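K.L.:
Following this message is one structure expressed as structure tokens.
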Amino acid sequence: MLSLNRISKNYKIGTFGGKDFTAVRDVSFELAEGEVVSLIGESGSGKTTVGKMILKLIDISSGSIVLDGVDVSTVKGKDVKGYYRQVQGVFQDPFSSYNPIFKADRVFSLIRVEYFPEMARSEWDDKVEAAVRAVTLDPGQVLNKYPHQLSGGQLQRLLVARALLLDLKVLVADEIISMLDASTRIDVLNLLADLKSRGMGILFITHDLSLGNYISEKTVILRHGVIVEMGATEKVFGNPTHPYTRMLISSVPQLHKKWAQIESELAAPIAGRGGCLFHEAYPLAGRTADSKDDPTLAKIEDNHFVGCFELESEKTARVA
Amino acid sequence: MRRYFGRKLLTYAITFFIAATIDWLIPRLMPGDPIAGMMQRTGGGSTLSPEASAAMVQYYTNLFGLNRPMWEQYLGFWTSLFHGDLGLSIFGHGRAVTDTIMAAVPYTLGLLIPAILLSYWLGNSFGAVAARRKWLDNSILPIGYLLTATPYMWLGLMLAYIVGFTFRWFPLSGGYGFNLEPALTWLFISDLIAHWFMPFFSLFLVMLGGWAIGMRNMIIYELESDYSRYLEALGAPQRLVRKYAFRNAMLPQITGLALQLGVIVAGALVTEIVFSYPGIGQLVFNAIKSEDYFLLQGIFLFIIIGVLAANFIVDIVYVIVDPRTRVAMRGGTA
Amino acid sequence: MSLQVNDLKVYYRTLAGDVKALDGATFSIADGEIMGLAGESGCGKSTLGNSLIRLDGRMKYVGGSVTLDGAEMPIWDKQAMVPFRFREVSVVPQYAMSAMNPTRKIGVMIGELVESRGLPYKQIKVELGRRIDVVGLTQDVLKRYPIELSGGMKQRMVMVISTLLNPSLLIADEITSALDVSTQRAVAETLVSFRDHGFVKSMMVITHDISILYQISDSILIMYAGKLAEKAATSRIIQSPMHPYTQMLVASLPEVGVRYVDKKLTGIPGSPPSLLTPPTGCRFRARCPLAYAKCAEEPPFVEVEPDHSVACWKVPGPNA
Amino acid sequence: MTSVNLPSDSAGNTVTAPETQTDAVAAPSKKSQHEVLYFALRSKKFIFAVAVLGFLVLLAIFGPIIDSNDPLAQTLGVNTPPSTDPGYWFGTTTFGEDVFAQFVNGLRATFFVGLLGGGIASLIGMSIGFIAGYKGGWVDELLNMVTNVFLVIPTLALLLVISSYLQRSWPEARGVFFESIFVGVTAWPWAARAIRAQTFSLRSRDFIDLAKLSGRRGLKIIVFEIAPNMSSYLMLTFILLFGNAILIAASLDFIGLGPTSGMSLGLMMFNAVSWAALLLGTWWWFVPPGLGIMATVGALYVMNVGLDEIFNPKLREL
């Protein structure tokens, strides 16, 4: 349904420096209907940039994003609205997502003004109520309130409900639960997982591996704008192969396993080498990283790809 | 760093270019014919000697010569500008505008520089002190607001009236006594200072209020900042917390100085007029009265150059004082 | 017994009235103990942490006592607290990234801070250098400005500064929440090493992330709506919690390995009560599946087994 | 509504409170308005400033009606000190003009310059600030350059040259109206800068992205999403520009470039100095105009601080 083909994003940075900065490089993956793909990365990995490129909030420097055969970057002017009918986003900070001086349900009114100006008031109200109920909220409790009168969890769910008012195919959920309390975040996460049954494709962007692991079918691990490992979630987590993936998994604080134990359970990692973006953080490599070449993603098993030079020799298929 | 200053210099160059062009354009854009008016008056020759008058007529013909195409006039304007030739002054009895201005500049700078530096230093100190105690805050703040809201010339007038007219402590007008010739004698210097004091003091007072308020607001903001909270959490004495807050609050004040320069110069001009102090302001006043456009345009360019230079100095000072800009310019390591 | 807190009450003054953010806390931290303090946002955990070192302008001491190493701390008196700060009790604040004066070189700032507390900088310099090594920084950080350090470096530097005078108690307030998983682990492990090196005797680690506490703390104190809910050894809290709130909280946390398709986790329905007018009786009553008539009375926070205290009528204990 | 408490409409406080004109979709926050009202009524600074401005406005409106003397008519006794006789309340000038009549008429001109000049400056500053801050990129760079150029040009010097030429070639332009326009066109740069910075920080907020995802673009986002959030800030900006315009105009008048017909406070001081009021000791000629300007601008500044404390919870005392 949605496919990213070698997309990259370059920025000019520095008020004084004028340097080039590549936030995302050659990222390719696909998102199918009724599928949750989690895009996992630490700060600066470019995960949010990928999400914003899909949402057309920033331009793509190179590569293409294709939705049902249509190149998204060619969608211009009035057609953008049509695109947003199918693709929507929810962001990290629920309080920053609402204009603080307006009531929270203004996010719905905006959709009505822009997309359903013809619809009768009562019909629209029914539609909103249905959407609010679909995200397990009580319309009487949440409508007609100011953002500061609602909890973070309620606000995020309202944003999901807002997206449901449209004929949504793809939802980009960028860190949408990382600012919520532990007691409510899992419910919002479950809500996302339930949306799959409506045939929606969800890009779940997160830095939290356990959350990605919990809801997604497919996992993409991003580091410094480059995919280092991706594949079926159970394979990436069951057989983490790239040294970076391993490092991440061994750093996740777990509830029933101490760090030392997790580390000992992971078998000896493969060695990296010069040119790999992970090199400088990975002492086993021992070579200088002056090459801009990235290792290509190698297929190490069905539905599991890893970007590491050590694996290139034995790769069976080249992706991207 | 080079890029930063390069950018700044570019802005200043463009500013100067635009200002100079405006300066050249204004007389040509204005309805009516200013030259005709000027010729009419200079032709009368009441204030000028015949030779000077002839020289000026010649000059006008050259500069405004409408027989020449516009671009040539414009180019000629820049050429003479680079030669420091700003024309001749009617008010200066045919003297070169540049010379007339240069004679007035020391007086204006003599007012401005001490007034700016002293008010900046004292005002910031007052502001910092005000932020410390409630009663000080309640007394310094209203005074500060009144001072900044006072028109420069009015404070000058009030000072002149009270100190000069009523008590006769200081002379009311001029740069030095009519009966004196400039010389390096004690008599002359003391007279110079006596004439200097009131215009200086009135400029100083108005500015003082602005700095005090700015610093007070800044420092309150800094005292709420995270590094202040951390210092307090570690039991650092108020003395240290305030010292840090003061240092950090100084930085935006430097930028404030740059932003205020135009206003300050304007304040100096009107203050000089009040005291008939022989600086640029008085020159402007006379130029307007005698409709001496060359002089006025020359002064305009001169003020622009002065303000641009001062801005550049402030830019340099800021980079020296704020380590953050310095680090950012080095490219940073973070 | 290092820290002993007795019925401590600290309120927040607001326009609408006092917010009873900390409404009676009684607990202790033993020498060498790392105690985790966890709960939802707004439960009063940061208020508790702050009140032990510095009440900010809007906080109001209402009652109770705090004893550190046998000496009572006058937490209501800003000035009288000064001798305790830094030397006896210290803090690594939530805002560690911006805690250092941006216009002073770090070494100079430390020198001025230490001397202002009556210690010659020379005397402390060797130890300072040693500790910079311990946290894995290089000596030249002292000659740098804060802006020249990365987020993780700043965090570690602040940890070094805060513990320089070997305080008895260190309060670490949400110091890992803004960090990436990899740095999070390093910072958390540094905390433990500080205790092991004897830089601090005991520690209070405030966080909303219970899995971090599982990794590093000896005991965990769970707060709910300004009250203490449960305190016990870490393993007890994670494996066999007694308070229904703790049980539901722990059960709602996804872990690597737990997947939506296999096991759907659930959150805690409802949201915490307003602390402006907190309900009488057990404050968790409205969200508690076990609530019954008796919960209209406030349950005491009592020790139900050695080193395990709970505030719940349903928990069999001495006064059940 | 905030306007209920503000008798001083002409001081500009209620002219265009942006909340009242936002799109129909949204109702402004009732709660926050109540809060503003609550603090406004308790802010001594605000009430004091409103009282002073209110008094001056009334004086400007009704003064010329009460004292119907022509401010330029030379019909009274010369250099008479203030007394309770009609026509001599503030004394007379060297030419036998009524100083009180000059003062109240000048006050009118002062408020006019503040309103129009400050209004024009606000309009330009806000437009440039909003566009630069929202668009970013090369648009920002360009507008920034323009702003910086205007920022470093000493505007008084520029106005000097322009108005002195106008004096001869287009005397009709030498009135309060054109003076206000000139002042407005040159006084905006710092406002543009400040608004740009505010816009810049607002535009990265998620609700802007969400508005885009709702199909909104450009101007609509500035007007309906960003501006309402800055309404208090915009109001403060206008108040400051109002005061600045008055001060700049007074300087121009004082240098001798004021209105050739009519009266202004700056012109009064110019006349007083030109005709040696200082040497004659006729203090009543130059004290009222300066005091009038100081009171007006001072009250505006104090109102600014008061409002800032009302809007900004951080500055409020508990």
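Residue numbers (this note's numbering), protein chains in the order written: chain A, 5 to 324; chain B, 18 to 351; chain C, 47 to 366; chain D, 4 to 321. For each residue, glycine too, the CB sits at the ideal point set by N, CA and C. These numbers were taken from a predicted model, which means no experiment stands behind them.
1) Taking 7 Å as the limit between beta carbons, can you name the residues of its chain near P216/B, skipping five residues before and five after?
2) Could you pull out every residue in the same chain whose Cβ sits closer than 7 Å to the Cβ of V338/B, ignoring the five residues on either side in sequence?
3) Between the alpha carbons of V323/A and A302/A, how many angstroms are there, rounded?
4) Count the other C-beta atoms from every protein chain shown that fall within 10 angstroms of the C-beta of Q169/C, then say buried if there are 16 or more, exposed otherwise.
5) Cα separation between T95/D and T78/D?
6) Of the residues L169/A, L35/A and K107/A, which one's Cα is nearest the Cα of D72/A?
7) Hey, G66/D and V107/D are a contact pair by Cβ (cut 8 Å); roughly how many whole angstroms apart?
8) Hey, H254/C and A186/A are a contact pair by Cβ (cut 8 Å); roughly how many whole angstroms apart?
9) Quick one: give me the first and last residue of the beta strand (DSSP E) that K222/A is part of.
10) Between N155/B and chain D, is there a C-beta pair that is closer than 8 Å?
11) Tell me whether S62/C sits in a helix, a strand or coil according to DSSP, three-state version.
12) Please decide whether F240/C counts as near chain B, where near means a Cβ-Cβ distance under 8 Å.
13) Roughly how many angstroms lie between the CA atoms of R277/A and N243/A, to the nearest whole one?
14) When you compare the CB of S217/D with every CB in chain A, is at least one pair closer than 8 Å?
15) How is the alpha helix (DSSP H) around F133/D delimited, first residue to last?
16) Does the Cβ-Cβ distance between V180/C and H243/C come in under 8 Å?
17) Is the distance from the Cβ of G216/A to the Cβ of K173/A below 8 Å?
18) Of all the alpha helix (DSSP H) runs that stay within the bounds of the stretch 45 to 130 of chain A, which reach a length of 4 or more residues?
19) Please classify R246/B as buried or exposed, where buried requires at least 16 other C-beta atoms within 10 Å of its C-beta.
20) Measuring straight from C-alpha to C-alpha, what distance separates L154/D and T28/B?
21) Closer than 8 Å, Cβ to any Cβ of chain D: which residues of the stretch 32 to 43 of chain B, in chain order?
22) Going along the chain, which residues of its own chain have a beta-carbon closer than 6 Å to the beta-carbon of F330/C, five neighbours each way excluded?
23) Please list the terminal residues of the continuous alpha helix (DSSP H) segment that includes E89/B.
24) Any beta-carbon of chain D closer than 8 Å to the one on Y335/B?
25) Roughly how many whole angstroms lie between the Cα atoms of L164/B and P74/D?
26) Please list the partners that R231/C has in chain A, where partner means a Cβ-to-Cβ separation under 9 Å.
27) Could you have a look at G203/A and say whether DSSP puts it in helix, strand or coil?
28) In the DSSP assignment, find the alpha helix (DSSP H) that holds M143/C and state where it starts and stops.
29) Any beta carbon of chain B sitting closer than 8 Å to that of G57/D?
30) Return the chain-ordered list of same chain residues with a C-beta closer than 6 Å to the C-beta of D294/A, the five sequence neighbours on each side being excluded.
31) Along chain D, in chain order, which residues have C-beta atoms closer than 9 Å to that of L98/B?
32) Buried or exposed, going by whether 16 or more other CB atoms sit within 10 Å of the CB of G63/C?
33) Taking three-plus beta-carbon pairs below 8 Å as touching, is the stretch 308 to 327 of chain C in contact with the stretch 232 to 246 of chain A?
34) For the putative contact between S257/C and L196/A, defined by C-beta atoms under 8 Å, what is the C-beta separation to the nearest angstrom?
35) Let me know if G60/B comes out buried or exposed under the rule of 16 or more other beta-carbons within 10 Å of its beta-carbon.
36) What residues of chain C sit near P340/B, judged by a beta carbon separation below 7 Å?
P.N.:
Reading off the structure:
1) Position 199 of the second sequence, counted from the start, is the residue given in the question as residue 216/B. Only L128, G173, T288, E289, F292 and Y294 meet the Cβ criterion.
2) By one-based count along the second sequence, residue 338/B stands at place 321. L268 and I271, listed in sequence order.
3) The count along the first sequence starts at 1 and reaches residue 323/A at position 319. The count along the first sequence starts at 1 and reaches residue 302/A at position 298. In this prediction, V323/A scores a pLDDT of 39, lower than 50, which makes its location untrustworthy; the coordinate-derived value is nonetheless stated afterwards. Distance between V323/A and A302/A, taken at the CA atoms: about 7 Å.
4) In the third sequence, counting from the first residue as 1, residue 169/C sits at position 123. Label assigned to Q169/C: exposed.
5) The residue labelled residue 95/D in the question sits at position 92 within the fourth sequence. The residue labelled residue 78/D in the question sits at position 75 within the fourth sequence. In this structure, the alpha-carbon of T95/D lies about 10 Å from that of T78/D.
6) If you number the first sequence from 1, residue 72/A lands on position 68. Answer by Cα proximity: L35/A.
7) Counted from its first residue, the fourth sequence places residue 66/D at position 63. Counted from its first residue, the fourth sequence places residue 107/D at position 104. Contact between G66/D and V107/D holds, with the beta-carbon distance rounding to 3 Å and staying under 8 Å.
8) As a first step, residue 254/C must be located in the third sequence, where it is residue number 208. As a first step, residue 186/A must be located in the first sequence, where it is residue number 182. The beta-carbon separation of H254/C and A186/A, rounded to 6 Å, stays under the 8 Å limit for a contact.
9) Start at 1 with the first residue of the first sequence, and residue 222/A comes out as number 218. Element bounds for K222/A: K222 to R227.
10) Taking the first residue of the second sequence as 1, we reach residue 155/B at position 138. No, because no Cβ of chain D sits closer than 8 Å to the Cβ of N155/B.
11) If you number the third sequence from 1, residue 62/C lands on position 16. As written in the sequence, residue 62/C is Ala, which differs from the Ser given in the question. Coil at A62/C, not helix or strand.
12) Counting from 1 along the third sequence, the entry for residue 240/C is found at position 194. Judged by the 8 Å Cβ criterion, F240/C is not in contact with chain B.
13) Locating residue 277/A in the first sequence gives position 273, where the first residue counts as 1. Locating residue 243/A in the first sequence gives position 239, where the first residue counts as 1. Because the pLDDT at R277/A is just 46, under 50, the model does not fix this residue reliably, and the value given afterwards should be weighed accordingly. Inter-residue distance for R277/A and N243/A is about 21 Å (C-alpha atoms, whole angstroms).
14) Within the fourth sequence, residue 217/D is the residue found at index 214, counting from 1. Closer than 8 Å to some Cβ of chain A, the Cβ of S217/D qualifies, so yes.
15) Sequence index remark: in the fourth sequence, residue 133/D carries index 130 (1-based). In the DSSP annotation of this structure, the continuous segment of the alpha helix (DSSP H) that includes F133/D starts and ends at V102 to K138.
16) The residue you call residue 180/C lines up with position 134 of the third sequence. The residue you call residue 243/C lines up with position 197 of the third sequence. Yes, these two residues count as a Cβ contact at 8 Å.
17) Here residue 216/A refers to the residue found at position 212 of the first sequence. Here residue 173/A refers to the residue found at position 169 of the first sequence. Going by C-beta atoms, G216/A is not nearer than 8 Å to K173/A.
18) Whole alpha helix (DSSP H) segments, 4+ residues: 51 to 58, 83 to 90 and 110 to 119.
19) Looking up residue 246/B in the second sequence gives position 229. Classification of R246/B: buried, given that the 10 Å Cβ count is 16 or more.
20) Locating residue 154/D in the fourth sequence gives position 151, counting from the first residue. Locating residue 28/B in the second sequence gives position 11, counting from the first residue. Answer to the nearest angstrom: the Cα atoms are 11 Å apart.
21) For the stretch 32 to 43 of chain B, which is checked against every Cβ of chain D, the residues closer than 8 Å are T32, I35, A36, I39, D40 and I43.
22) Position 284 of the third sequence, counted from the first residue, corresponds to residue 330/C. Same-chain partners within the cutoff: Y270 and Y291.
23) Residue mapping note: residue 89/B aligns to position 72 of the second sequence, counting from 1. Here the alpha helix (DSSP H) through E89/B covers M87 to F99.
24) Sequence index remark: in the second sequence, residue 335/B carries index 318 (1-based). No, Y335/B does not count as interfacial toward chain D.
25) Numbered from 1 along the second sequence, position 147 holds the residue referred to as residue 164/B. Numbered from 1 along the fourth sequence, position 71 holds the residue referred to as residue 74/D. Cα to Cα, the separation comes out at about 29 Å.
26) Stepping through the third sequence from its first residue, residue 231/C is reached at position 185. Under the 9 Å cutoff, chain A gives S254, S255, V256, P257 and W263.
27) Stepping through the first sequence from its first residue, residue 203/A is reached at position 199. DSSP places G203/A in coil when its eight states are reduced to three.
28) Locating residue 143/C in the third sequence gives position 97, counting from the first residue. Counting along the chain, no alpha helix (DSSP H) covers M143/C, and no H or E run does either.
29) Locating residue 57/D in the fourth sequence gives position 54, where the first residue counts as 1. False, the Cβ-Cβ gap to chain B never drops below 8 Å.
30) Counting from one through the first sequence, the residue named residue 294/A turns up at place 290. Caution applies to D294/A, whose pLDDT of 40 falls short of 50 and renders its modelled position unreliable; the value that the coordinates give is listed next. Contacts found: none.
31) For this step, residue 98/B is matched to residue 81 along the second sequence. By Cβ distance, chain D contributes nothing, its closest Cβ being about 15 Å from L98/B, past 9 Å.
32) Counting from 1 along the third sequence, the entry for residue 63/C is found at position 17. Burial state of G63/C is exposed, judged by a 10 Å Cβ sphere holding fewer than 16 other Cβ atoms.
33) With contact defined as three or more Cβ pairs closer than 8 Å, the stretch 308 to 327 of chain C and the stretch 232 to 246 of chain A are not in contact.
34) Residue mapping note: residue 257/C aligns to position 211 of the third sequence, counting from 1. Residue mapping note: residue 196/A aligns to position 192 of the first sequence, counting from 1. Contact flag wrong, Cβ pair sits at about 21 Å.
35) As a working mapping, residue 60/B is identified with position 43 in the second sequence. Confidence is the limiting factor: at G60/B the pLDDT is only 48, short of 50, which leaves the residue's position unreliable, though a coordinate-based value still follows. Around the CB of G60/B, fewer than 16 other CB atoms lie within 10 Å, so the residue is classed as exposed.
36) Walking along the second sequence from the start, residue 340/B turns up at place 323. Correct list: T149 and Y191.
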